[in-house]
């Protein structure tokens, strides 16, 4: 067995496989299927300062090799998380990150402050890239000054690992990545979903209640790989790659492009055991190619 | 039974008409305690057009043989591929998912109202109701006679009435046009319904008017089936709730239906 341990700017993971926010609930939903302590980490559902009902039905559209969602950050708010969800997470023996989103910088700060007090939460993933909320969300991740303001402010109040999740809905992802690095992010995760839409021809109506939504799944993988590669060549902090990873081969491609770890997202909807197959498949790949450690393939794309 | 993901083998393929099929799927493991109303999410392999699993009501369970059956109507690419499966094929199935219908605590006269392929959720319910000593009345509606399937199977568990929109079988019209609703609706202790949403809303409205408890089984589009994608929500008195985990069965008093 190869060494799958990875250190992401001080965040020590037993393997480089995480689950993406919004595709894994609060972890407990997967306990019937497998022991989730086998994961390097899991990232819980996007959390905001105030409770959000999310968008109206329909929120989902199946598309070729992918899907659109327009959930709109449905969650009970940070107090609900602290009082009702967090106690249930104490029994898990792996890294847990909370994905944090907001409509204003103040909301991000207030949310991050409360998570900073939670001993069992090893980090936050600052979501400046949600395409499905009217205010905030992606707006913070598509402008350099806005990204700078939110990352800088949260860095002042949050002491543990701060991962920042970038939006692919930009002209130059490296500009935003450099801003985020300069303001003190410990790591960068990318990509969030791509702004997209689906139309029902017979009824001449949009499929989603919100007209547009976020595209995920294998359809976005080539774009995600390109962006991970670009960001890897632009910043020094570690990258957590995601976008359409369905199997271990997909994951290996992200490591080669420069990701130190990966997140499995939409695959969790189709195969609840996807992460387990990916972890064992990464090990098989490393052994087959006679690598001792996952560290030996990160960014090792042969040009 | 805890939810599991298993490869089940197709052991029987029963074609009911040009587009309806019942598949019987065998597990290598012991099945137990599947609730009427629960569903299975089946992977459609080998199609580029079909990315997500397709959810189906669990139609029947055979605990002696460790099989579940699903009733499939071929409507789109996914259901067409699944309805063309051959005996011996393996299908990846996540089951049992969701909650179930609640059976009355004491022997009760109950009405089951099914429309279209919504009847799939009612067969196992009818069977369990009969086994538990309830008096079962079943009303099935369809557009035409050819769309009415499994009448003899339903008749094993209760008295079956039908309606068709073109009058080719049973009462002409919708299920709510049947005399059962005019003449004896109040005599039922509970109504269970599954079918197209306008039909379920019409049935729910009559149940409310006659003060009869009513449960409906919803079928919203979903990505996962186990409460993590949050895509299949319906509006309830408690806010947005997932049809896949809080449902698919809901008491109509919990739904914010304008009826």
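Protein chains in written order, with the numbering used here: chain H, -7 to 295; chain R, 16 to 274.
Built from N, CA and C at the ideal position, the CB exists for glycine as well.
Cβ shell of residue i (< 6 Å), same chain only, five flanking positions each side left out
i, result
"residue 227 of chain R", "203, 206"
"residue 201 of chain R", "225"
"residue 42 of chain H", "69"
"residue 91 of chain H", "13, 35, 38, 117, 119"
"residue 19 of chain H", "28, 34"
"residue 106 of chain R", "23, 57"
"residue 250 of chain R", "271"
"residue 266 of chain R", "230"
Residues near residue i by beta carbon distance below 7 Å, same chain, minus five either side
i, result
"residue 166 of chain H", "222, 223, 226"
"residue 151 of chain R", "125, 127, 141, 144, 145, 172, 173"
"residue 185 of chain R", "176, 177, 178, 179"
"residue 169 of chain H", "158, 180, 223, 226, 227"
"residue 32 of chain R", "161, 164"
"residue 97 of chain H", "141, 142, 145"
"residue 132 of chain H", "120, 138, 139, 142"
"residue 192 of chain R", "178, 186"
Reference residue i, options the options, closest by Cα
i, options, result
"residue 127 of chain R", "R:141, R:105, R:114, R:25", "R:141"
"residue 145 of chain H", "H:169, H:233, H:99", "H:99"
"residue 238 of chain H", "H:208, H:248, H:170, H:232", "H:208"
"residue 2 of chain H", "H:250, H:241, H:151", "H:151"
"residue 90 of chain R", "R:80, R:36, R:220, R:223", "R:36"
"residue 216 of chain H", "H:26, H:4, H:5, H:182", "H:182"
"residue 34 of chain R", "R:71, R:189, R:98", "R:98"
"residue 160 of chain R", "R:136, R:188, R:137, R:139", "R:188"
"residue 100 of chain R", "R:273, R:44, R:25", "R:25"
"residue 54 of chain R", "R:167, R:232, R:102", "R:232"
"residue 240 of chain R", "R:117, R:27, R:261", "R:261"
"residue 105 of chain H", "H:67, H:66, H:147", "H:147"
"residue 11 of chain H", "H:264, H:110, H:134, H:63", "H:264"
Cutoff 9 Å: residue i Cβ touching any chain H Cβ
i, result
"residue 150 of chain R", "no"
"residue 61 of chain R", "no"
"residue 114 of chain R", "no"
"residue 236 of chain R", "yes"
"residue 108 of chain R", "no"
"residue 264 of chain R", "no"
"residue 220 of chain R", "no"
"residue 58 of chain R", "yes"
"residue 48 of chain R", "no"
"residue 68 of chain R", "yes"
"residue 270 of chain R", "no"
"residue 8 of chain R", "For chain R, the structure presents residues 16 to 274; residue 8 of chain R sits outside this window and is missing."
"residue 19 of chain R", "yes"
"residue 40 of chain R", "no"
"residue 248 of chain R", "yes"
"residue 241 of chain R", "yes"
Presumed contact (8 Å Cβ cut-off) between residue i and residue j, rounded CB distance
i, j, result
"residue 255 of chain H", "residue 234 of chain H", "4 Å"
"residue 132 of chain R", "residue 96 of chain R", "No, residue 132 of chain R and residue 96 of chain R are not in contact; Cβ-Cβ is about 16 Å, not under 8 Å."
"residue 259 of chain R", "residue 113 of chain R", "6 Å"
"residue 16 of chain R", "residue 40 of chain R", "Incorrect: roughly 15 Å between the Cβ atoms, too far for contact."
is_contact[residue i, chain R] using C-beta, thresh 9 Å
i, result
"residue 241 of chain H", "no"
"residue 140 of chain H", "no"
"residue 31 of chain H", "no"
"residue 175 of chain H", "no"
"residue 262 of chain H", "yes"
"residue 117 of chain H", "no"
"residue 133 of chain H", "no"
"residue 93 of chain H", "no"
"residue 255 of chain H", "no"
"residue 234 of chain H", "no"
"residue 57 of chain H", "yes"
Sequence-distant residues of the same chain with beta carbon closer than 8 Å to residue i, five excluded per side
i, result
"residue 284 of chain H", "-6, -5, 278"
"residue 3 of chain R", "With chain R represented from 16 up to 274, any question about residue 3 of chain R goes unanswered, as that position is not in the structure."
"residue 130 of chain H", "120, 121, 122, 123, 159, 161, 184, 187"
"residue 114 of chain H", "3, 33, 87, 88, 89, 152, 153"
"residue 58 of chain H", "207, 208, 209, 210, 211, 212, 236, 258"
Please list the segments of the alpha helix (DSSP H) lying wholly inside the segment 67 to 129 of chain R, counting only runs of 4 or more residues, in order along the chain. 92 to 98
Quick one: which unbroken alpha helix (DSSP H) runs of 4-plus residues sit fully inside the segment 139 to 224 of chain H? Chain order, please. 165 to 174, 213 to 224
Enumerated in chain order, which unbroken segments of the alpha helix (DSSP H) with a length of 4 residues or greater are wholly contained in the segment 52 to 102 of chain H? 69 to 72, 78 to 81
Start-end ranges of the beta strand (DSSP E) lying completely within the segment 223 to 257 of chain H, minimum 3 residues: 231 to 233, 253 to 256
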